[in-house]
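**Q** Quick note on my numbering: the sequence shown kicks off at 10 and runs consecutively.
From the three backbone atoms N, C-alpha and C, an ideal C-beta is built for every residue, glycine too.
After the structure tokens below, expect a handful of questions from me.
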Amino acid sequence: MSKLSLKVDRTATGVYVSQERSRDIKIDSYSLNYHGRVLIENASIELNFGRRYGLIGANGSGKSTFLQSLAGRDIEIPEHIDTYLLNQEAEPSEQNAVEAVIDWAQAEVARLEKTVEELLGQDDGADNPLLDDIYERIEELDPTTFEARACTLLSGLGFTTSQMDKKTKDMSGGWRMRVALARALFIKPTLLLLDEPTNHLDLEACVWLEEYLKTYNRILIVVSHSQDFLNGVCTNIMHLNNKRKLNYYGGNYDIFVRTKHENEVNQAKAYAKQQEEIAHIKKFIASAGTYANLVRQAKSKQKIIDKMEAAGLIEKVEPERVFQFNFTNVARLPPPVLAASDLSFSYQGDMNSLLYKDVDLGVDMDSRIALVGPNGAGKSTLLKLMSGELIPTAGHINRHTNLKLGKYSQHSNDQLDMDLSPIDYMRKQFPQEGSDLDFWRKQIGRYGLTGSHQTSPIRNLSDGLKSRLVFAELAMAHPHIILLDEPTNHLDMESIDSLAKAINEFNGGVVLVSHDFRLISQVAKDIWHCNHGHVSVFEGSIQEYKETLRKNVKL
Numbered sequence: 010m011s012k013l014s015l016k017v018d019r020t021a022t023g024v025y026v027s028q029e030r031s032r033d034i035k036i037d038s039y040s041l042n043y044h045g046r047v048l049i050e051n052a053s054i055e056l057n058f059g060r061r062y063g064l065i066g067a068n069g070s071g072k073s074t075f076l077q078s079l080a081g082r083d084i085e086i087p088e089h090i091d092t093y094l095l096n097q098e099a100e101p102s103e104q105n106a107v108e109a110v111i112d113w114a115q116a117e118v119a120r121l122e123k124t125v126e127e128l129l130g131q132d133d134g135a136d137n138p139l140l141d142d143i144y145e146r147i148e149e150l151d152p153t154t155f156e157a158r159a160c161t162l163l164s165g166l167g168f169t170t171s172q173m174d175k176k177t178k179d180m181s182g183g184w185r186m187r188v189a190l191a192r193a194l195f196i197k198p199t200l201l202l203l204d205e206p207t208n209h210l211d212l213e214a215c216v217w218l219e220e221y222l223k224t225y226n227r228i229l230i231v232v233s234h235s236q237d238f239l240n241g242v243c244t245n246i247m248h249l250n251n252k253r254k255l256n257y258y259g260g261n262y263d264i265f266v267r268t269k270h271e272n273e274v275n276q277a278k279a280y281a282k283q284q285e286e287i288a289h290i291k292k293f294i295a296s297a298g299t300y301a302n303l304v305r306q307a308k309s310k311q312k313i314i315d316k317m318e319a320a321g322l323i324e325k326v327e328p329e330r331v332f333q334f335n336f337t338n339v340a341r342l343p344p345p346v347l348a349a350s351d352l353s354f355s356y357q358g359d360m361n362s363l364l365y366k367d368v369d370l371g372v373d374m375d376s377r378i379a380l381v382g383p384n385g386a387g388k389s390t391l392l393k394l395m396s397g398e399l400i401p402t403a404g405h406i407n408r409h410t411n412l413k414l415g416k417y418s419q420h421s422n423d424q425l426d427m428d429l430s431p432i433d434y435m436r437k438q439f440p441q442e443g444s445d446l447d448f449w450r451k452q453i454g455r456y457g458l459t460g461s462h463q464t465s466p467i468r469n470l471s472d473g474l475k476s477r478l479v480f481a482e483l484a485m486a487h488p489h490i491i492l493l494d495e496p497t498n499h500l501d502m503e504s505i506d507s508l509a510k511a512i513n514e515f516n517g518g519v520v521l522v523s524h525d526f527r528l529i530s531q532v533a534k535d536i537w538h539c540n541h542g543h544v545s546v547f548e549g550s551i552q553e554y555k556e557t558l559r560k561n562v563k564l
């Protein structure tokens with residue numbers, strides 16, 4: 010069946026060609042537009058039951074919109090393929106976390122039982138092969154195990170017992186997002202769509218989720234910027250390339266990189282050989298002159314070229330553009346640049362309920378520090394103490410008189426003026442730099458904001474492009490020390506590698522909180538473990554730290 014679907018900002022066309030009762034999804038001639046911009050053009054969608062797909066592509070290429078299109082059934086997917094898209098938080102309510110998960114589980118059981126009734130009411134309903142799967146799912150959703158299973162999932166995602174009892178209306182957006190993720194994992198939909206599921210998780214929860222999803226046995230599509238995560242979870246990779254097509258690769262992310270490189274090398278060789286052959290033929294045709302026998306040969310040779318063009322010439326390999334982040338080198342400040350002595354902190358201001366107690370630490374312009382530790386240990390809080398957003402309850406933080414700090418946080422995107430264009434926003438932030446259009450185009454163009462992205466309202470940009478704008482702003486501020494709180498959220502793989510390169514080339518200091526093991530492995534010289542009110546040096550690599558977390562996973 011073919012369908013044109015129109016949403017507020019999104020249009021999609023395509024032909025659903027799977028068998029009526031199949032649990033595989035196949036759509037031909039799929040195209041997707043957003044705000045009038047073509048994101049995917051005449052592509053094939055092939056999703057096989059039991060496979061786990063990593064969806065990758067450049068920032069702004071349309072990955073999130075594609076997931077929304079599938080979840081919104083822009084192309085009519087049969088009702089027996091139930092979907093769940095994780096892209097928003099659980100609603101704030103009077104329910105606690107456990108109740109919010111169980112409520113969805115009960116609704117899912119009711120839905121499945123109703124589906125069974127409808128199938129059995131059909132003429133050949135009792136013979137429908139879908140029934141076995143539904144019965145199996147109902148059996149798995151045993152109400153007597155609801156509470157225990159909900160608690161196990163929430164615990165894996167970082168909830169303590171007291172946090173599970175908290176009403177969702179009293180939770181932050183990040184914790185409500187975890188409730189939504191626990192719901193999705195509990196009901197195990199046929200098509201599970203996860204858009205950056207690790208963005209609100211710490212390293213421990215990321216490892217737990219990786220272990221959990223690697224056995225997901227229905228259809229999973231996950232958008233993630235974490236190479237480690239994709240390697241651990243995925244059986245296949247879907248690449249939304251710069252030609253607006255979906256290319257499929259078997260294996261995890263590392264295998265994708267290797268296969269894609271081999272394919273491009275072979276394609277480049279075939280292209281060069283074909284172009285050489287065409288040039289040779291054209292040279293013969295041009296030299297044929299008017300001799301009758303040569304003219305006949307020339308026409309015959311031209312037919313060879315015509316056949317090549319009709320069959321489609323081999324395309325030249327066009328490397329995807331890589332944008333180079335960079336932080337401006339600054340004048341050196343002698344140590345101590347930033348130092349804490351006997352630092353204690355409590356959000357209540359009460360020395361009997363301290364998050365940190367008697368902490369001594371120092372950061373200078375050679376520092377490359379990654380903060381790790383469980384949720385609630387205070388990693389982001391420590392960055393806020395360093396930046397001066399929070400004041401110690403006891404002890405001191407001393408900063409060099411000339412120290413200029415720069416900070417990127419998970420919420421930096423939200424502080425952008427959504428009504429302004431990126432160029433107007435930067436002009437407003439740095440009026441001393443003037444208003445020359447070419448200057449600002451160049452400044453933000455280096456961060457991957459090009460063409461119409463520079464002049465359209467910030468609210469229309471993808472989250473990844475908003476993040477790049479924040480980094481452009483950070484670089485213009487010329488800080489001596491940069492504090493990064495989850496900087497990889499919404500960035501694609503290439504941008505993360507570029508960020509790592511920029512950090513390594515920067516002559517100032519960096520303190521980093523991230524759930525991206527690969528970024529930490531690329532830039533961190535020291536790993537500080539935050540837990541139980543103390544900050545200690547972890548003796549070992551970040552991969553060794555990951556292994557200690559993996560050994561503690563309980564599914």
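Per DSSP, what kind of secondary structure is Leu528 in: helix, strand or coil?
**A** In this structure, Leu528 counts as helix in the three-state DSSP scheme.
**Q** Name the DSSP beta bridge partners of Ile65, please?
**A** His248
**Q** Sorted by chain position, which residues of the same chain lie with C-beta nearer than 7 Å to Asn256's C-beta, five sequence neighbours on each side aside?
**A** His248 and Asn250
**Q** Assuming contact is defined by CB atoms lying nearer than 8 Å, are Ala486 and Gly397 in contact in what I supplied?
**A** no
**Q** Beta-carbon within less than 6 Å of Leu303's beta-carbon, same chain only, minus the 5 sequence neighbours each way: which residues are those?
**A** Ala297
**Q** CB-CB under 8 Å to Arg341, same chain, minus the five flanking residues each way: which ones, in chain order?
**A** Met374 and Asn516
**Q** Can you name the start and end residues of the alpha helix (DSSP H) that Tyr225 belongs to?
**A** Counting along the chain, Tyr225 falls outside any alpha helix (DSSP H), and DSSP gives it neither H nor E.
**Q** Please list the terminal residues of the continuous alpha helix (DSSP H) segment that includes Val346.
**A** Unbroken run through Val346: none, as it is neither H nor E.
**Q** Between the Cα of Arg60 and the Cα atoms of Val274, Arg32, Asn96 and His270, which residue gives the shortest distance?
**A** Arg32
**Q** Specify, as a first and last residue, the run of the alpha helix (DSSP H) that Asp263 falls within.
**A** Tyr262 to Ser296
**Q** DSSP state of Met10, grouped into three classes?
**A** Confidence in Met10 is poor, its pLDDT being 43 and thus under 50, which makes the residue's placement unreliable; the coordinate value appears in the next sentence. Coil, per DSSP.
**Q** Just to confirm, is the Cβ distance from Leu166 to Ala214 under 8 Å?
**A** yes
**Q** Identify which residue in Asn561, Ala533 and Tyr417 has its Cα closest to the Cα of Glu495.
**A** Tyr417
**Q** Which one of Asp132, Phe293 and Lys325 has the shortest CA to CA distance from Lys652?
**A** Only positions 10 to 564 of the chain appear in the structure, and residue 652 is not among them; the question remains open.
**Q** Just verifying my parser: in three-state terms, what is the DSSP assignment at Val368?
**A** Of the three classes helix, strand and coil, the one that applies to Val368 here is strand, per DSSP.
**Q** When DSSP builds the beta bridges, which residues end up paired with Ser40?
**A** Thr22
**Q** If contacts are defined as beta-carbon pairs under 8 Å, then Ile196 and Glu127 qualify, I think. What distance do you get, rounded to the angstrom?
**A** That belief does not hold up - the Cβ atoms of Ile196 and Glu127 are roughly 19 Å apart, past 8 Å.
**Q** Do you know whose CA, among Asp142, Lys316, Gln531 and Val326, lies nearest Lys278's CA?
**A** Val326
**Q** Would a C-beta distance cut-off of 8 Å place Ala92 and Pro206 closer than the cut-off?
**A** A small fix is needed here, since residue 92 is Thr in this sequence, not Ala. Contact: no.
**Q** Curious, which full-length beta strand (DSSP E) runs of at least 3 residues does the region 433 to 498 contain?
**A** 490 to 494
**Q** Looking at the unbroken beta strand (DSSP E) that takes in Arg377, where does it start and where does it end?
**A** Arg377 to Val381
**Q** For Thr244, which residues from the same chain have a beta carbon less than 7 Å from its beta carbon, with the 5 sequence-adjacent residues on both sides left out?
**A** Close CB contacts of Thr244 within its chain, under the 7 Å cut and outside five residues either way in sequence, are with Arg60 and Arg61 (chain order).
**Q** If I measure Cβ to Cβ from Glu50 and keep anything under 6 Å in the same chain, skipping five residues before and after, which residues do I get?
**A** Ser40 and Arg253
**Q** Give a yes or no on contact between the region 314 to 329 and the region 366 to 380, applying the rule of three or more CB pairs nearer than 8 Å.
**A** no
**Q** Evaluate Ser545 with the Cβ neighbour count: other Cβ atoms within 10 Å of its Cβ, from every protein chain shown; 16 or more gives buried, anything less gives exposed.
**A** exposed
**Q** Using a 10 Å radius around the Cβ and a threshold of 16 neighbouring Cβ atoms, would you call Pro431 buried or exposed?
**A** Classification of Pro431: buried, given that the 10 Å Cβ count is 16 or more.
**Q** From Ala307 to Lys316, what distance separates their C-alpha atoms?
**A** Going by the C-alpha atoms only, they are around 14 Å apart.
**Q** Would you mind sorting Glu148 into buried or exposed? The rule is 16 or more other CB atoms within 10 Å of its CB.
**A** exposed
**Q** May I ask you to list the residues that DSSP assigns as paired with Cys539?
**A** Val544
**Q** Would you give the residue range spanned by the beta strand (DSSP E) that Ala403 belongs to?
**A** Ala403 to Arg408
**Q** Name the residue from Ala114, Glu482 and Ala157 whose alpha carbon lies nearest to the alpha carbon of Gln438.
**A** Glu482
**Q** Quick one: measure Cβ to Cβ for Tyr456 and Leu425, integer angstroms, because I've assumed they're closer than 8 Å.
**A** The pair is not a contact, with the Cβ atoms about 14 Å apart (cut-off 8 Å).
**Q** Cβ of Leu347 within 8 Å of Cβ of Ile491?
**A** Their beta carbons are not under 8 Å apart, which means Leu347 does not touch Ile491 by this criterion.
**Q** Let me make sure I understand the geometry here. Which of Ile246, Lys35 and Thr337 has the alpha-carbon closest to that of Val24?
**A** Lys35
**Q** Report the three-state DSSP secondary structure of Leu15 (helix, strand or coil).
**A** In this prediction, Leu15 has a pLDDT of 46, which is less than 50 and means its spatial position is unreliable; what the coordinates show is noted afterwards. DSSP places Leu15 within a strand segment (E or B) once states are collapsed to three.
**Q** Straight-line CA distance for Lys12 to Asp142?
**A** Interpretation of Lys12 is limited by its pLDDT of 48, a score under 50 that renders its predicted location unreliable; the figure taken from the coordinates is listed afterwards. So the two alpha carbons sit approximately 28 Å from each other.
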